[in-house]
Every structure is written in structure tokens, then in C-alpha cells.
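In the working numbering, the protein residues as written are 46 to 276. The beta carbon of each residue, even a glycine, is placed where N, CA and C say it ideally should be. Being a predicted model, the structure only gives us computed values, none of them experimental.
What follows is the structure, encoded as C-alpha cells:
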């Protein structure tokens with residue numbers, strides 16, 4: 046369950062592989078849209094979706110078991126030939142750090158590959174809190190999707206600081222963004238509200254089948270209207 050199918054080095058030119066890492070609890074259309082936009086804009090060969098194993102930054106929160114998060118991502122990306130899911134982190138015991146993942150990917154794809162780590166722009170100020178962040182900066186470039194309402198001038202200053210002091214390589218990316226989050230999806234499920242068009246149908250079906258997030262089958266239109274429409 047590692048999903049690393051593109052082993053070896055591609056002859057003639059450097060490979061460009063995108064990485065979309067996260068808890069994916071659950072994966073939603075926002076993740077998929079940003080990844081596809083980044084793939085097209087940066088001419089990436091493919092995007093690896095890497096569900097986290099035991100994410101250190103999520104300590105204290107009840108994270109859905111990795112096998113469920115992996116399966117939801119697998120279902121979400123299976124119809125896109127440029128998307129792959131990897132179990133590289135969920136198969137790793139203990140805490141999982143980005144540097145470990147990049148090092149392992151380097152061993153799989155070889156030195157002729159450039160990695161592009163896709164993040165939300167709001168993560169940029171937190172990058173120096175990542176374990177071994179200086180090594181991470183040397184092992185990949187970052188594609189930072191600019192979120193609505195974010196102070197772009199402040200972001201540019203932060204990027205310049207990281208580039209000048211740590212040789213970070215960060216590309217600010219104005220992607221089409223979908224106003225959905227995993228937290229929103231979980232909360233709607235808990236309240237028995239519809240998540241249609243927030244996640245792929247295959248993911249919605251899996252959540253219902255497995256009873257994730259305390260799923261209550263409240264698809265009846267009267268029940269939905271009774272709960273009201275959240276803006």
C-alpha cells in the first residue's frame with residue numbers, strides 16, 4: 046500500500062513530481078482542485094497524495110485510522126491518471142516527518158527528480174517549526190496556494206525572509222480555491238447534514254458505509270431543510 050509506481054529515473058530531462066501531504070480526514074474537493082491546478086501550472090508529471098501516519102502537529106486530536114483515510118484518498122484520485130495515493134507515511138511506525146518522506150521518495154525516484162510540496166499559503170509562517178526544516182528546504186520546492194483574504198504583502202516578506210536566510214524555494218500560487226475544509230465536512234456529518242459536492246461521491250459513500258464521523262443517514266430532504274442551510 047505504498048502507491049510508489051514511478052520508480053527509477055526518467056532519461057533526458059528532470060522529472061517534476063508534486064506532493065500533496067496531509068491528514069486528509071477526509072479528503073475533499075478543495076484538496077483535489079488545488080492539486081490539479083498546481084499540476085497544470087507547474088507542468089508536474091503527477092501528484093502524489095500522501096496521507097499522514099501519526100502527524101505530530103495533530104497530537105491530542107482524534108484522527109481517523111490511517112486505513113480509512115488512505116482508502117478515501119484512493120477512491121478520490123482513482124479516476125485521474127495524474128494522481129496517485131501513497132502509503133509511504135502510514136506504513137511508517139512512530140511520528141512521521143516530512144524530511145523522512147522526502148528522503149524515502151528520493152531513494153525511489155532518484156536524483157533526477159525535483160519535488161514540489163503543495164501547501165496552503167497560511168502554512169508558510171509555520172515552516173520553520175517543522176522538524177529538520179532546513180534540510181527540507183534543500184530537498185524540495187514549495188507551491189503555496191494563496192487563500193482568500195490572506196495578506197499578500199506580508200506573505201511576500203515572509204517568503205523573502207525564508208529565501209534569503211534559509212535558501213527556501215517557494216512559489217506563490219493563485220489557485221482556484223474551494224471554500225471547504227475537512228473540519229467543515231466532519232462537522233456537517235456529525236450534524237447529519239449533506240456533504241454532497243463537498244467531497245467526491247465515492248468518499249461520501251465510504252463515510253456512510255463505515256459510519257465515519259458518527260455518520261447519520263439523513264439524506265431525506267425534509268431532514269436537511271429542518272437543519273437549515275449553513276452559509
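task = Go to residue 150, then tell me how far its alpha helix (DSSP H) extends in each direction, as first and last residue.
result = 143 to 154
ask   = Excluding five sequence neighbours on each side, which residues of the same chain lie with their C-beta closer than 6 angstroms to the C-beta of residue 177?
value = 144
key: Meets three-Cβ-pair contact criterion under 8 angstroms: the region 157 to 166 and the region 126 to 133   = no
ask   = Skipping 5 residues on each side, what residues in its chain have a beta carbon closer than 8 angstroms to that of residue 212?
value = 182, 183
query = Hey, would you say residue 80 sits closer than 8 angstroms to residue 92, going by beta carbons?
reply = yes
key: Three-way DSSP call (helix, strand, coil) for residue 183 in this model   = helix
Extent of the continuous beta strand (DSSP E) to which residue 158 belongs = 158 to 165
task = Compare the Cα-Cα distances from residue 60 to each of 97, 150, 114 and report the closest residue.
result = 150
request  = From the DSSP output, in three-state form, read off residue 227 for me.
outcome  = helix
key: Residue environment, residue 146, which counts as buried when at least 16 other CB atoms sit within 10 Å   = buried
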